[in-house]
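Here is the structure we will look at.
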Amino acid sequence: MLTDEPRLSWDLLADVRHLFDFPFMVNAMRAGTIVAVLAGLIGWFMVTRRQSFAGHTLAIIGFPGAAGATLLGVGVHYGYFTFCVAGAIVIALVPRAAESSFGEESAVIGTVQTVALGSGFLFVTLYHGNLNGLNALLFGSYLGIAASQVVVLLVVAALAVGFIAIIGRPLLFASLDPGVARSSGVPVTLLSVAFLVVLGLAAAEASQITGALLVFALLVLPAATAQLVTTRPAASIALSIGFALAVTWLGLGIAYYTPFPIGFWVTTLAFVGYVFASSGRLVARAVRR
Amino acid sequence: MNAPAIELGNVYVRIGDRNTLCDVDLTVEAGEFVAVLGPNGAGKTTLLKAILGLLPIAEGRISAFGRPPGDNETRVAYLPQRRSFEAGLRIRGIDLVRLGLDGHRWGFPLPFFDRRTAGGRASWKRICDVIEQVGATAYAERPIGEMSGGEQQRLLIAQALVHRPSLLLLDEPLDSLDLPNQAAVAALIDDVRRENNITVLLVAHDVNPILPYLDRVIYMAGGHAVSGSPEDVISSETLSRLYDTPIEVLRAADGRLVVVGHPEPPAVHSDRHGHAH
Numbered sequence: 001m002l003t004d005e006p007r008l009s010w011d012l013l014a015d016v017r018h019l020f021d022f023p024f025m026v027n028a029m030r031a032g033t034i035v036a037v038l039a040g041l042i043g044w045f046m047v048t049r050r051q052s053f054a055g056h057t058l059a060i061i062g063f064p065g066a067a068g069a070t071l072l073g074v075g076v077h078y079g080y081f082t083f084c085v086a087g088a089i090v091i092a093l094v095p096r097a098a099e100s101s102f103g104e105e106s107a108v109i110g111t112v113q114t115v116a117l118g119s120g121f122l123f124v125t126l127y128h129g130n131l132n133g134l135n136a137l138l139f140g141s142y143l144g145i146a147a148s149q150v151v152v153l154l155v156v157a158a159l160a161v162g163f164i165a166i167i168g169r170p171l172l173f174a175s176l177d178p179g180v181a182r183s184s185g186v187p188v189t190l191l192s193v194a195f196l197v198v199l200g201l202a203a204a205e206a207s208q209i210t211g212a213l214l215v216f217a218l219l220v221l222p223a224a225t226a227q228l229v230t231t232r233p234a235a236s237i238a239l240s241i242g243f244a245l246a247v248t249w250l251g252l253g254i255a256y257y258t259p260f261p262i263g264f265w266v267t268t269l270a271f272v273g274y275v276f277a278s279s280g281r282l283v284a285r286a287v288r289r
Numbered sequence: 001m002n003a004p005a006i007e008l009g010n011v012y013v014r015i016g017d018r019n020t021l022c023d024v025d026l027t028v029e030a031g032e033f034v035a036v037l038g039p040n041g042a043g044k045t046t047l048l049k050a051i052l053g054l055l056p057i058a059e060g061r062i063s064a065f066g067r068p069p070g071d072n073e074t075r076v077a078y079l080p081q082r083r084s085f086e087a088g089l090r091i092r093g094i095d096l097v098r099l100g101l102d103g104h105r106w107g108f109p110l111p112f113f114d115r116r117t118a119g120g121r122a123s124w125k126r127i128c129d130v131i132e133q134v135g136a137t138a139y140a141e142r143p144i145g146e147m148s149g150g151e152q153q154r155l156l157i158a159q160a161l162v163h164r165p166s167l168l169l170l171d172e173p174l175d176s177l178d179l180p181n182q183a184a185v186a187a188l189i190d191d192v193r194r195e196n197n198i199t200v201l202l203v204a205h206d207v208n209p210i211l212p213y214l215d216r217v218i219y220m221a222g223g224h225a226v227s228g229s230p231e232d233v234i235s236s237e238t239l240s241r242l243y244d245t246p247i248e249v250l251r252a253a254d255g256r257l258v259v260v261g262h263p264e265p266p267a268v269h270s271d272r273h274g275h276a277h
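Residue numbers (this note's numbering), protein chains in the order written: chain Z, 1 to 289; chain V, 1 to 277.
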């Protein structure tokens, strides 16, 4: 048990070492690292494919899953994964009028999102309103990540990253130019369904650190920042993963030494990085002129 | 004896309960520059997709260089109707061209090894050559979203050419370009066709920018098609027969064609072409 609040000293190295004094922090660091790598990678494709809205909805669909799992007394992560993957399949199956028409899709996704939030709230209420639990599900928490949960996160992330490594190039082709990709023999529709499922997995993992409402801190912001910095795909993906790792580690470190929640720190750090990158680009452009 | 580049025999394509192609019979010889003309909804895009094997045909037969549509051995490149890239899309033009070469292959290239293997170097050389050929070297490293329509179109043509196709299918590549760019891109397409001996099938709204280069015209209306030399097809007589309504084709002093009395929005018009030359 903690006898008193952790305090920052002037010795940075010692402070960093103290982060790993407790097993719960070690687990949080491991989970955060796994989630950041996955979210940085999948988020990059999500931003390139302009599917942020779908990504956000998948995370929100995870909320009733997690609340339902708590209600049933099983691990929260099972709820996240089950609901997010099921949600991804539903969104993928929504018929679209045309390839390029996202209007219909947005309306359906919005509808699903609202129902998910509503039923999640119901499950939490049925659980006799543990308000702390609700906060953690919506806004994230790094306390109480079990070692078994870390293993599940690792296995799922490894499978998802491996899968993306295999479909990476045709997926990028299909994302940028579906018509031409299809005519060169790329299975565009199949890839789109497969990507949504992987996105569901990534949203489920990210939710477990940032909460359902703040997944964009890991899914969108690192990728968007990386794309501002470089236009080379490989460098951009590597940077996206790097940013996601940086905000997660820093966020965890700061949250440990302050009374404020992890969701706030990760989001704020990612936002500051984005603001720096975009103002840096504006300055660079002004200088060039 | 070489097989014709494209051969269609009594082809019917049905979408829903409507015939979008109806008894289409035509032959395109290798190396020809052919325009597909006609009003909206006449079946021009359907024709391209049927040749590509993206749409099933209900009746008849299609072959490209003696092979069935969709056969991998036939090197067909396709430019779909105007794709515009969002201004925020942060992907370099050169990467887009590269996807035309190997985008269908699984896996992903590792940048470090990419430039150090013989295959990787050959790919990059091919990409740079084709970008040079379309005159896009100066801006190929810029993000595609920040380019003008004409610049994007040149890179898309480079993307289509990069795997050395023998047949190039272009769906309204000149649409939404301004007049100088229409003339320049039309001349570019003709250049690459001659240099690489490519057969070109180009769907156009306005025949005039490509008229100097054409070997043959396919005119479509209501799923039917007539093909022949530009003079024969774009004539009052042929078009009146095709549309079953009186149509007059006028030839301006500088050789431009004007179609009058079109039953639908004019497919060939030159009013917006007035100050091109």
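Idealized CB from N, CA, C, for every residue including glycine.
If you're wondering where the values come from, they're calculated on a predicted model, not measured in any experiment.
Handout entry: Own chain, CB closer than 6 Å to L138 of chain Z, minus 5 neighbours either side, in chain order
Key = Within the same chain, L138 of chain Z has close Cβ partners G211, A212, L213.
Exercise for the section: Could you work out which residues of chain Z lie near L96 of chain V, taking near to mean beta carbons separated by less than 8 Å? Expected result: Residues of chain Z passing the Cβ test: L176, D177.
Practice task
Compile a chain-ordered list of the residues in the stretch 40-70 of chain V whose CB is closer than 7 Å to at least one CB of chain C.
Solution key: Absent from the structure is chain C; the protein chains it does hold are Z and V.
Practice task
Using a Cβ-Cβ cut-off of 7 Å, state whether F81 of chain Z counts as contacting chain V.
Solution key: No, its Cβ sits nowhere closer than 7 Å to a Cβ of chain V.
Problem - Local conformation of G65 of chain Z per DSSP, three classes - result: Reduced to three states, the DSSP call for G65 of chain Z is helix.
Exercise for the section: Just tell me which of Z:L72, Z:H56, Z:T48 has its CA closest to the CA of L89 of chain V. Expected result: Checking every option, the nearest Cα to that of L89 of chain V belongs to Z:T48.
Exercise for the section: Output yes if chain Z places a C-beta closer than 7 Å to the C-beta of Y139 of chain V; else output no. Expected result: Taking Cβ atoms only, chain Z never reaches closer than 7 Å to Y139 of chain V, which makes this a no.
Problem - chain V contact for T225 of chain Z (CB, 7 Å cutoff) - result: Chain V, which has no Cβ nearer than 7 Å to the Cβ of T225 of chain Z, makes this no.
Problem - Closer than 7 Å to chain V by CB, S240 of chain Z - result: With 7 Å as the cut-off, S240 of chain Z does not count as an interface residue toward chain V.
Handout entry: Exposure of H56 of chain Z, with buried meaning 16 or more beta-carbon neighbours within 10 Å
Key = Buried, since its Cβ has 16 or more Cβ neighbours within 10 Å.
Exercise for the section: Using 10 angstroms around the beta-carbon of E7 of chain V, count the other beta-carbons present and answer buried if the total reaches 16, otherwise exposed. Expected result: Buried.
Handout entry: Beta carbon of S240 of chain Z nearer than 7 Å to that of A226 of chain Z
Key = Contact flag set, yes.
Handout entry: Exposure of R285 of chain Z, with buried meaning 16 or more beta-carbon neighbours within 10 Å
Key = Classification for R285 of chain Z: exposed.
Handout entry: Own chain residues within Cβ distance below 6 Å of D114 of chain V, not counting five before or after
Key = Excluding residues within five positions, the ones whose Cβ falls inside 6 Å are G120.
Exercise for the section: Below 6 Å CB to CB, which residues in the same chain sit around I145 of chain Z once its five sequence neighbours on both sides are set aside? Expected result: Taking C-beta separations shorter than 6 Å and ignoring five residues to either side along the sequence, the partners of I145 of chain Z in its chain run N27, A28, A31, following chain order.
Handout entry: Proximity test, Cβ basis, 7 Å: T189 of chain Z and chain V
Key = So, not an interface residue.
Problem - For F279 of chain V, the first and last residue of its enclosing beta strand (DSSP E) - result: No information on residue 279 of chain V is available, as it lies outside the stretch 1 to 277 that chain V covers here.
Problem - Whole runs of the alpha helix (DSSP H) within the stretch 176-237 of chain V, excluding any shorter than 4 residues - result: Segments of the alpha helix (DSSP H) lying fully in the stretch 176-237 of chain V: 179-196, 230-233.
Problem - Reference P39 of chain V, options V:D206, V:E237, V:E231, closest by Cα - result: Of V:D206, V:E237, V:E231, the residue nearest in Cα terms is V:D206.
Handout entry: chain Z within 7 Å of G103 of chain V, Cβ atoms only
Key = Chain Z contact via Cβ: present.
Practice task
Below 9 Å between beta carbons is the criterion; list the residues of the stretch 261-276 of chain Z that meet it against any residue of chain V, in chain order.
Solution key: Interface annotation for the stretch 261-276 of chain Z against chain V: empty, criterion Cβ-Cβ distance under 9 Å.
Exercise for the section: May I have the straight-line CA-CA distance separating A116 of chain Z from F63 of chain Z, to the nearest angstrom? Expected result: Put simply, the backbone Cα of A116 of chain Z is about 7 Å away from that of F63 of chain Z.
Practice task
For L201 of chain Z, return the contacting residues in chain V, with the cut-off set at a CB-CB distance below 8 Å.
Solution key: What L201 of chain Z touches in chain V, judged by beta-carbon distance under 8 Å, is nothing: the nearest beta carbon there is about 19 Å away.
Handout entry: Interface residues of chain V facing G40 of chain Z [CB-CB closer than 8 Å]
Key = Within chain V, no residue comes near G40 of chain Z; the closest Cβ sits about 15 Å away, beyond 8 Å.
Problem - For L169 of chain V, three-class secondary structure by DSSP - result: Strand.
Handout entry: P4 of chain V in three-state terms, based on DSSP
Key = It is coil, neither helix nor strand.
Practice task
Can you tell me the Cβ-Cβ gap for T245 of chain V and V226 of chain V, rounded? I've got them flagged as a contact below 8 Å.
Solution key: Not a contact, Cβ separation roughly 15 Å.
Practice task
Anything in chain V within Cβ reach of G162 of chain Z, meaning under 8 Å, just list it in chain order.
Solution key: Contact annotation for G162 of chain Z against chain V: no contact, minimum CB-CB distance about 11 Å [criterion: below 8 Å].
Practice task
Please classify I247 of chain V: does DSSP put it in a helix, a strand, or coil?
Solution key: Here I247 of chain V sits in coil by DSSP.
Problem - Environment of T70 of chain Z [buried if 16+ CB atoms lie within 10 Å] - result: With a threshold of 16 other beta carbon atoms within 10 Å, T70 of chain Z meets it and is buried.
Handout entry: Where V180 of chain Z sits in the DSSP three-state scheme
Key = Three-state result, V180 of chain Z: helix.
Practice task
Could you check which residue in V:Y219, V:V260, V:R256, V:G103 has the C-alpha nearest to that of L242 of chain V?
Solution key: Among V:Y219, V:V260, V:R256, V:G103, the Cα nearest to that of L242 of chain V belongs to V:Y219.
Exercise for the section: Mind the definition here: the stretch 77-93 of chain Z touches the stretch 195-210 of chain Z only if three or more C-beta pairs lie below 8 Å; say whether that holds. Expected result: Because the criterion of three Cβ pairs below 8 Å is met, the stretch 77-93 of chain Z and the stretch 195-210 of chain Z touch.
Practice task
Verify whether the separation of the beta carbon atoms of Y309 of chain Z and G68 of chain Z is less than 7 Å.
Solution key: Only positions 1 to 289 of chain Z appear in this structure, which leaves residue 309 of chain Z out of reach.
Exercise for the section: Decide yes or no for the touch test of the stretch 60-71 of chain V against the stretch 161-176 of chain Z: beta carbon pairs closer than 8 Å, at least 3 of them. Expected result: Using a C-beta cut-off of 8 Å, the stretch 60-71 of chain V makes no contact with the stretch 161-176 of chain Z, since fewer than three inter-stretch Cβ pairs fall below that distance.
Problem - Sub-7 Å separation of L52 of chain V and D171 of chain V beta-carbons - result: No, the Cβ-Cβ distance between L52 of chain V and D171 of chain V is not below 7 Å.
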